[in-house]
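To start, the structure itself, in structure tokens.
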Amino acid sequence: MRVCIVGCGAVGSLFAANLAQLEDVEVWAYDLFGEHVEAINRAGLRLSGAGDVLGRLQATSDPASLPACDFGIVATKAMHTAAAVEATAAAFTGGCVATVQNGLGNEEAIARFAERVIRGTTFPAGKLVEPGHVQWDVKGDTTLGPFEPRPAPFAEVERLADACTRAGMPATAVRDARGPQWRKVIFNAATNPVGALTRLTHGRVCDDPGLRRLVSGLVDEGKAVAAAQGISLDADPEELIDHAAKPEVAYDHKASMLQDVEAHRPTEIDYLNGGIVGFGREHGVPTPLNRAIWSLVKGLEQSW
Amino acid sequence: MRVCVIGAGAIGGLFAAHLAKVADVFVLTRRQEHAQALNARGLRVSGRHDFTARVTATPDPGELPDFDVAIIATKATGLEQAAQSLNGRFADATIATVQNGLGAEEVVRRHGEWHLISAVTFMSGTKHSDTHVEYILDTPTWLGPYGDTPYERVQELAQLLIESGLEAEALPDLRPAQWSKLIFNATVNGVAALTGLPHDAHFAAENVESDLGHLVHALVDEGKLVAAAASVELRDDPWEMNVLATKRGSAHYPSMLEDVEARRPTEVDLINGAIVREAERHAVDAPLQTAVYRLVAAREASYS
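Residue numbers (this note's numbering), protein chains in the order written: chain S, 17 to 320; chain F, 7 to 310.
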């Protein structure tokens, strides 16, 4: 089978380099970062850290050069989803397109340009060290399921999950993939922007009782929006938040949004708290705290 | 008439320089060099007015002569020390507090039985050096009796300020004005400190859902509910004050924003904390004001 990674940054590279280890999978990568594409084509895509992998694949910045693919795996930042999928859509007219991105709304953006869509949530993380080289920080699971309004056939979801698992990126195909997705979104929406606005690490946010109550307020709104859609979370975000605050887990972790704020880069706030507000509006659930946080981070972006 | 001004920042400087035209003015500074510079060079005012005033300055409260009136113009964070320095002396004096927020009078009351005047000032200035303040906004100072202070004392001080060239008004009950400013400051200063935005058009924008104006409006509405529960009828609508202020030519940098950027302690406890405490006292929910209070307080905690 042939897979194209759309957006070959840190997370995209983890899928690309690992899938390229399989005999029966041909991997392509579409990315706009020219030096990265060139380095991959010249010397392969290297992962180091949690696993040492060298993947041989074909990378391109020219969507017209992509062959017809069985699967797309979209891994851009959420604000680039629509543009990236629109550019590459011709490669997927006979295939399925999965997202492994953060936040809410990516599936809807993909479905504007693709017939068969796979909802996905992934936990592995890394960072681009230099063109052609990604540091693999954390291993983790991926959950895939049909996107209800424009579903991929479940057998295809299973085929992709199986390939990822065999490649060393454990993935599960489920009928309803919303639970893990909302669990991750609620966790991120309740903690990332609070870290970004206060400049505190995850552990210090949780140490401050008043701030921790604000985090719980954000979690409660997210849970209410999920419940109104009939989504059952696969784990309680509150427990995950407390677990991550332990010194040996992620006490000193600076949320990616805090890193974005410090570097004056656009954040994914529209797809986290903005997404919760949007789905809340659609289902008649008030989300005043998420909306407040959304406005504050948008204001912060506007101050640069 | 002998007047003592305690604290020679922008606001204290504007009071001291103007009052020196109609009274003997003594200035209590924090730093020895500041007092020396004022004694040697006088205090220059530029901007709305242009003159240089002669004042007598000292960092030593023991050197203050008997005075008729004192204006405590330190920041809220310096209030306790200022009141301490007058402890038990000048029993028949009138003392006015012009701090932001609520509760300054109680702090001063703990140190003596003076006739206290509550005041809020809307004038603004920029301190360019120890001996030069630019008078930027000539909006008024409002004064009212605190406790059983005779109203005549308030009227006398207001008259003195007017004669000195400043805008001032005596009010039999200051609370409507004080609360209007409290709600305005808690909202605008808090949002500015968290977003890094000066008080500009973003604060009045209510177009798309994530626009900051929606949040500002919601924070003001919460403040109004707290005021109503405290039986205070606002003098001015804080939302209208906000819209008006954003239409001025140059955007104002609220002191709380300057404080967080310089990693200094802020007035969040006296301003935002006051609204949150009043909400609790009157059993009113103020989740958004509470969120802003906790976020700014946590931002301060991030300095260390």
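Backbone N, C-alpha and C define an ideal beta-carbon position, used for all residues, glycine too.
Note that this is a predicted model, so its numbers are computed, not measured.
Assigned secondary structure, residue i (DSSP; H/G/I helix, E/B strand, else coil)
i: A257 (chain F); result: coil
i: C10 (chain F); result: strand
i: W185 (chain F); result: helix
i: D144 (chain F); result: coil
i: Q90 (chain F); result: helix
i: Q74 (chain S); result: strand
i: K143 (chain S); result: strand
i: W320 (chain S); result: coil
i: Q275 (chain S); result: helix
i: L234 (chain S); result: helix
i: Y299 (chain F); result: helix
i: D258 (chain S); result: helix
i: V154 (chain S); result: strand
i: C85 (chain S); result: coil
i: E173 (chain F); result: coil
i: R307 (chain S); result: helix
i: V313 (chain S); result: helix
i: C24 (chain S); result: coil
i: D30 (chain F); result: strand
i: P244 (chain F); result: helix
Beta-carbon gap between residue i and residue j smaller than 9 Å
i: T145 (chain F); j: A207 (chain F); result: no
i: A242 (chain S); j: L249 (chain S); result: yes
i: M7 (chain F); j: A26 (chain F); result: no
i: V61 (chain F); j: G53 (chain F); result: no
i: A110 (chain F); j: A82 (chain F); result: yes
i: M262 (chain F); j: V302 (chain F); result: yes
i: G67 (chain S); j: W152 (chain S); result: yes
i: R19 (chain S); j: G142 (chain S); result: As written in the sequence, residue 19 (chain S) is Val, which differs from the Arg given in the question. Not a contact, by the Cβ cut-off of 9 Å.
i: A171 (chain S); j: A187 (chain S); result: no
i: A125 (chain S); j: A98 (chain S); result: yes
i: R115 (chain F); j: G153 (chain F); result: yes
i: A102 (chain F); j: I78 (chain F); result: yes
i: L61 (chain S); j: M185 (chain S); result: no
i: V101 (chain S); j: V22 (chain S); result: yes
i: I12 (chain F); j: S130 (chain F); result: no
i: R199 (chain S); j: A271 (chain S); result: no
i: F203 (chain S); j: L160 (chain S); result: no
i: T132 (chain F); j: A16 (chain F); result: yes
i: T65 (chain F); j: L305 (chain S); result: For the sequence presented, residue 65 (chain F) should be read as Pro rather than Thr. No, these two residues do not count as a Cβ contact at 9 Å.
i: A297 (chain F); j: G50 (chain S); result: no
i: G315 (chain S); j: L218 (chain F); result: yes
i: A192 (chain F); j: A280 (chain F); result: yes
Partner residues on chain S for residue i, Cβ-Cβ distance less than 8 Å
i: E286 (chain F); result: Those within 8 Å of E286 (chain F) in chain S number zero; the least Cβ separation is about 13 Å.
i: S308 (chain F); result: T214, R215, L216, R220
i: A251 (chain F); result: Ordered by position in chain S, no residue passes the 8 Å Cβ test against A251 (chain F), which lies about 16 Å from the chain.
i: H205 (chain F); result: Chain S residues near H205 (chain F): none, gap ~12 Å exceeds 8 Å.
Neighbour list for residue i in chain F, Cβ cutoff strictly below 8 Å
i: S311 (chain S); result: S216, D217, L218, H220, L221
i: A125 (chain S); result: Residues of chain F passing the Cβ test: none, with the nearest at roughly 18 Å.
i: S64 (chain S); result: In chain order: nothing, as chain F lies at least about 32 Å away.
i: A187 (chain S); result: In chain order: nothing, as chain F lies at least about 33 Å away.
Listed by chain order, chain S residues near residue i by CB distance under 9 Å
i: R305 (chain F); result: L213, T214, R215, L216
i: A59 (chain F); result: Residues of chain S passing the Cβ test: none, with the nearest at roughly 37 Å.
i: H258 (chain F); result: By Cβ distance, chain S contributes nothing, its closest Cβ being about 14 Å from H258 (chain F), past 9 Å.
Contact list for residue i against chain S, beta-carbon separation under 7 Å
i: A210 (chain F); result: Those within 7 Å of A210 (chain F) in chain S number zero; the least Cβ separation is about 12 Å.
Under 9 Å by beta carbon: chain F residues contacting residue i
i: D236 (chain S); result: Near D236 (chain S) there are no residues of chain F at all, since even the closest Cβ is about 11 Å away, more than 9 Å.
i: P302 (chain S); result: The premise fails here: P302 (chain S) is roughly 11 Å from chain F at the closest Cβ pair, so nothing lies under 9 Å.
Name the residues in the segment 201-217 of chain S whose C-beta lies less than 8 Å from a C-beta of chain F; which are they?
Near chain F, meaning a CB-to-CB distance below 8 Å, the residues of the segment 201-217 of chain S are V210, L213, T214, R215, L216.
Listed from N- to C-terminal order along the chain, which residues in the segment 112-123 of chain S have their beta-carbon within a distance smaller than 9 Å of any beta-carbon of chain F?
Answer set for the segment 112-123 of chain S: empty.
Could you check whether the segment 299-310 of chain F touches the segment 263-273 of chain F, counting it as contact only if at least three pairs of C-beta atoms, one from each stretch, sit closer than 8 Å?
The segment 299-310 of chain F, when compared against the segment 263-273 of chain F, does touch it at the 8 Å Cβ threshold.
Is there contact between the segment 122-129 of chain F and the segment 175-185 of chain F, where contact requires at least three CB pairs shorter than 8 Å?
They touch, by the three-pair rule.
Would you check if the segment 129-141 of chain S and the segment 107-120 of chain S touch, i.e. whether three or more CB-CB distances between them fall below 8 Å?
Put simply, the segment 107-120 of chain S touches the segment 129-141 of chain S. At least three CB pairs are less than 8 Å apart.
Proximal residues, the segment 263-292 of chain S versus chain F, C-beta separation under 7 Å
Within the segment 263-292 of chain S, G290 place their CB atoms closer than 7 Å to a CB of chain F, listed in sequence order.
Under 9 Å, CB to CB, which of the residues in the segment 238-264 of chain S have a partner in chain F?
With the criterion set as a beta carbon lying under 9 Å from some beta carbon of chain F, the segment 238-264 of chain S has no members that meet it.
When you check each C-beta in the segment 171-203 of chain F against every C-beta of chain C, which residues fall closer than 8 Å?
Among the chains of the structure shown, chain C does not appear; the protein chains present are S and F.
At a Cβ cut of 9 Å, what residues of the segment 291-302 of chain F count as close to chain S, listed as they run along the chain?
Under the 9 Å Cβ criterion, the segment 291-302 of chain F contributes P293, L294, T296, A297, V298, Y299, R300, L301, V302.
Quick test of the definition: if touching needs 3 or more C-beta pairs under 8 Å, does the segment 93-109 of chain S touch the segment 283-300 of chain S?
For the pair of segments examined, the segment 93-109 of chain S was found to touch the segment 283-300 of chain S: the number of CB pairs separated by less than 8 Å reaches three.
At least three beta-carbon pairs within less than 8 Å, the segment 32-45 of chain F to the segment 132-141 of chain F:
At 8 Å Cβ cutoff, the stretches touch.
At least 3 beta-carbon pairs within less than 8 Å: the segment 66-86 of chain S vs the segment 31-45 of chain S:
Yes, they touch.
Listed in chain order, which residues of the segment 84-110 of chain S have Cβ atoms closer than 7 Å to some Cβ of chain F?
Those would be none; no residue qualifies.
Residues within the segment 124-152 of chain S neighbouring chain F, beta-carbon criterion of under 9 Å
Residues: none.
Examine the Cβ distances between the segment 204-219 of chain F and the segment 170-180 of chain F and report whether three or more of them are shorter than 8 Å.
Contact fails: fewer than three Cβ-Cβ distances are below 8 Å.
At a CB distance below 9 Å, what residues from the segment 262-285 of chain F approach chain S? Give them in sequence order.
Hits within the stretch: zero.
Spell out a yes or no on whether the segment 212-225 of chain S and the segment 254-267 of chain S are touching, meaning 3 or more CB-CB pairs, one atom from each, closer than 8 Å.
Touching, yes, given that three or more Cβ pairs across the two stretches are closer than 8 Å.
Could you please tell me which residues of the segment 26-37 of chain F, in chain order, have their CB closer than 7 Å to any CB of chain S?
Within the segment 26-37 of chain F, no residue qualifies.
Three-pair Cβ contact test at 8 Å for the segment 309-317 of chain S versus the segment 240-247 of chain F
No contact exists between the segment 309-317 of chain S and the segment 240-247 of chain F.
Give me the subset of the segment 70-102 of chain F whose CB atoms are less than 9 Å from a CB atom of chain S, sorted by chain position.
Within the segment 70-102 of chain F, no residue qualifies.
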